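Read the structure below first, then the notes.
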DNA sequence: TTTGATGCGTTCTATTATAGAACTTATAAG
DNA sequence: CTTATAAGTTCTATAATAGAACGCATCAAA
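Residue numbers (this note's numbering), protein chains in the order written: chain X, 2 to 117; chain V, 2 to 117.
Dropping the structure here:
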C-alpha cells in the first residue's frame with residue numbers, strides 16, 4: 002500500500018489518517034479548536050512553511066473538515082465544520098496521553114508557543 | 002518551529018505527535034492492537050517499505066510505546082507497553098470518526114487488507 | 001498618490017523523507 | 001545441499017518539507 006491510497010482502505014482508522022495523518026494537520030486543527038482562523042495566525046503559531054500551510058488548509062477544506070469563509074476581498078477565515086468539530090475527542094486524548102507519557106525535552110534556546 | 006522540535010513543545014498534543022505523528026506510525030500501532038507483533042507481518046499488512054518500518058519500530062521502542070522481545074536468535078516480537086496501550090482511545094476515536102466522516106473511495110484495482 | 005503595513009498566498013532552491021527493489025545474515029526445514 | 005523464512009540493511013529514484021524571497025490586493029497614513 003502507498004500512503005496516498007489510504008483513502009480507499011477498508012479500515013476507518015486508515016481513512017481518517019488519509020485526511021488528518023499528514024504532518025502538521027492535527028496541529029492546525031488544534032489551533033482551530035483554540036480559536037485561530039487565519040492564515041498568518043496559523044503560520045506564526047506553528048512555524049511551518051507557508052507553502053505547506055496552504056497545502057494543508059486546502060486539503061482540509063476539500064475534505065470538509067474546515068470551511069473557508071471570506072471576511073474581506075482575498076481574505077478568509079478557516080473554521081471547523083461539524084465534521085471537523087467531531088475530531089475533538091482525538092485531540093483531547095492526544096493531549097491527555099502526551100501530558101502523561103511524553104515529558105517535555107529541554108529546548109536548544111529561545112522559548113515559543115503559548116497554546117495549552 | 003520545525004517538526005523535529007515538537008518534543009520540546011509546551012503543548013502535550015504537539016509532544017504526542019512527536020512520537021506518533023509520523024507517517025505510518027499510528028497504523029503500525031493499530032496493527033499492534035489487533036495482535037501483530039512481527040516485522041514481516043507489519044510489512045505485509047501495511048505495505049510500507051522495510052526501511053521505514055525498521056525506522057518507525059525503532060523510534061516507538063525508543064519512546065517506550067513498544068517493547069522488543071526476542072523469541073529466537075535475531076527475531077523479535079514487538080508488543081505494546083502500558084504506555085502504548087494507553088493510546089487505545091486515540092485509535093478508537095479515529096476509527097469512529099473515519100467510519101462516520103470519511104467514505105471509502107473506489108480503488109484502482111486489486112483489493113487488499115483484512116483488518117478491523 | 002506615493003509609501004508602508006497587512007493578509008494570503010506562490011515560486012524558487014536545498015535538504016529530508018519515502019518508495020521500491022535487491023542484498024545480508026542467521027535459523028530451520030526438506 | 002538447497003530452499004524458505006525472519007529481520008533487517010543498502011541502493012537508487014522520486015516525493016515531501018524547509019527556508020527564504022516574491023507577488024498582488026487592500027487599507028491606512030503621509
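We put the CB at the ideal spot given by N, CA and C, even for glycine.
Bear in mind the structure is a predicted one, so any value in this text is a computation, not a measurement.
{"Check": "Closer than 8 Å to chain V by CB, residue 103/X", "Outcome": "yes"}
{"Check": "Per-residue burial, residue 72/V [other beta carbons within 10 Å of its own, 16 or more giving buried]", "Outcome": "exposed"}
{"Check": "Residue-level contact to chain X via CB, residue 80/V, 8 Å cutoff", "Outcome": "no"}
{"Check": "Beta-carbon contacts of residue 78/X that lie in its chain and below 7 Å, excluding the five residues immediately before and after", "Outcome": "38, 39, 70, 72"}
{"Check": "Neighbour-count burial assignment, residue 32/X, 16 or more Cβ in a 10 Å radius", "Outcome": "buried"}
{"Check": "Rounded separation between residue 66/V and residue 91/V - CA only", "Outcome": "14 Å"}
{"Check": "For residue 71/X, the residue or residues it bridges with in DSSP", "Outcome": "77/X"}
{"Check": "Under 8 Å between C-beta atoms of residue 1/V and residue 7/V", "Outcome": "No statement about residue 1/V is possible, as the shown extent of chain V runs from 2 to 117 and does not include it."}
{"Check": "Integer-rounded CB distance, given that residue 54/X should sit under 8 Å from residue 26/X", "Outcome": "So it is not a contact: roughly 10 Å between Cβ atoms."}
{"Check": "Spatial distance of residue 59/V from residue 5/V (CA atoms)", "Outcome": "16 Å"}
{"Check": "Residues that residue 99/V contacts on chain X, provided the C-beta gap is smaller than 7 Å", "Outcome": "13, 14, 16, 17"}
{"Check": "Residue 100/X in three-state terms, based on DSSP", "Outcome": "helix"}
{"Check": "Top-ranked residue by Cα proximity to residue 101/X, from 41/V, 88/V, 3/V, 24/V", "Outcome": "88/V"}
{"Check": "Exposed unless 16 or more other CB atoms sit within 10 angstroms - verdict on residue 10/V", "Outcome": "buried"}
{"Check": "Residue burial classification, residue 13/X (beta-carbon count within 10 angstroms, cutoff 16)", "Outcome": "buried"}
{"Check": "Beta-carbon neighbours of residue 94/X, restricted to chain V and to distances below 7 Å", "Outcome": "90, 91, 94"}
{"Check": "Distance between residue 81/X and residue 41/V (C-alpha atoms, nearest Å)", "Outcome": "40 Å"}
{"Check": "Rounded straight-line distance, which links the Cα of residue 2/X to that of residue 16/X", "Outcome": "13 Å"}
{"Check": "Whether residue 103/V touches residue 93/X by CB criterion (8 Å)", "Outcome": "no"}
{"Check": "Residue interval of the alpha helix (DSSP H) (run including residue 56/X)", "Outcome": "51 to 63"}
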